[in-house]
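Let me begin by presenting the structure, written as structure tokens, before commenting on it.
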Amino acid sequence: MSAAPRLRWAVQERTLGAVEDLDWAMDELAVFRAAAAEGRALDDLIRVYVPEPTVAFGQRDARLPGFAAAAAAARSHGFEPVVRRAGGRAAAYHHGCLVVDHLSQQEDAALTQQARFAEFADLFVRAFARMDVPASVGEIPGEYCPGEFSVQGPAPTYPVKLAGSAQRVVKGAFLFSTHVVVSDPAPLRAVLVDVYRELGLDMDPRTAGAAEDVRPGVSVPAFAAALREEYTAWAAAAGLEVVDEQLAVLAAGTSG
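Here it is in structure tokens:
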């Protein structure tokens, strides 16, 4: 009798570095792609970590005339500029944020991108609800890294972006990455204003907020716990068993 499929939950206790954290996810996606090509099944993997201060630029940003100046602006604020291989415009995150990478094998991954955006945006809304943070899905006019499936919250003066997602799809697998802003939005707002100005892109600074703007007192560990609970419910509905794994064990990509 084969073992039940699992959802592997890996909390990365220490950052590998701004660039290395992004590279790890892409390298692991390559492992998932290779396994799919060989007909080997890998269990879903969730990696959760608190990032170093980073401005993650999109591929289109890197081709703009103002990119070098934007990268310099990020560094001047103490944020490491990196270019991600997933989609989207520039986004900033730091120690008041949580990055969640979900890797999975899926035969028709390229055909279900939009459905995946909708499904996981709703999942993050439910995770916020577990903390009594009201949230909804939808683009805020003027938001940074604009997207139809942004997760937003009703701050006192203007809606703020709480989470944004990007995904990378390869044959037989996907990487779905979400960054969540929980606390300390002021440094993010400051760096994004300068970065977007140098890129020549519009952005309303009011959209750069955090969950603490909606419900004061929330914390990154509390959101991580709420997200774990919500993913456990999601996994149960999908027939998956949630198991904890050490990140070091996962470095080479392990099968279930």
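Going by this note's numbering, the residue at position 32 of the sequence shown is 41; the numbering climbs one at a time, nothing skipped.
Glycine is no exception: its CB is placed at the ideal position from the N, C-alpha and C atoms.
Taking its Cβ as the centre, do 16 or more other Cβ atoms sit within 10 Å of R17, making it buried, or is it exposed? Label assigned to R17: buried.
Determine the DSSP secondary structure at G129, reduced to helix, strand or coil. Looking at the sequence provided, one finds Phe at residue 129 rather than Gly. Correct three-state label for F129: helix.
Where does V59 fall in DSSP's three states? coil
Can you find at least 3 beta carbon pairs, one from the segment 220 to 234 and one from the segment 125 to 133, that sit closer than 8 Å? no
Three-state secondary structure assigned by DSSP to S85: helix
Strictly by DSSP, which residues pair up with Y167? Beta-bridge pairing links Y167 to no other residue.
Proximity of A100 and Y153 at Cβ, strictly below 8 Å: yes
So for L54, helix, strand or coil by DSSP? Note: L54 maps to strand in three-state DSSP.
In or out: R84 buried (at least 16 other Cβ within 10 Å) or exposed? exposed
To test your reading of the DSSP string, which unbroken beta strand (DSSP E) runs of 3 or more residues are found completely within the segment 140 to 186? 160 to 163, 168 to 179
Apart from the five residues on each side of it in sequence, which residues of its chain come closer than 6 Å, Cβ to Cβ, to R198? P214, A217
Throw me the rounded Cβ distance for the H103 and D222 pair, which I believe falls under 8 Å. Not quite, the Cβ-Cβ distance comes to about 15 Å (not below 8 Å), so this is no contact.
Whether D53 touches S113 by CB criterion (8 Å): yes
Using the DSSP secondary-structure output, state which residues sit across from V243 in a beta bridge. The question names Val, yet the displayed sequence has Trp at residue 243. DSSP, once it has assigned bridges, lists no residue as partnering W243.
Inter-stretch contact (C-beta, 8 Å, three-pair minimum) for the segment 234 to 246 and the segment 137 to 152: yes
From D117 to V190, what distance separates their C-alpha atoms? When rounded, the distance between both Cα atoms is 31 Å.
Taking just the CA atoms, how far does P225 sit from A45? A direct Cα-to-Cα measurement between A45 and P225 gives close to 44 Å.
Report the three-state DSSP secondary structure of D211 (helix, strand or coil). coil
Beta carbon of D30 nearer than 8 Å to that of Y58: A distance below 8 Å separates the beta carbons of D30 and Y58.
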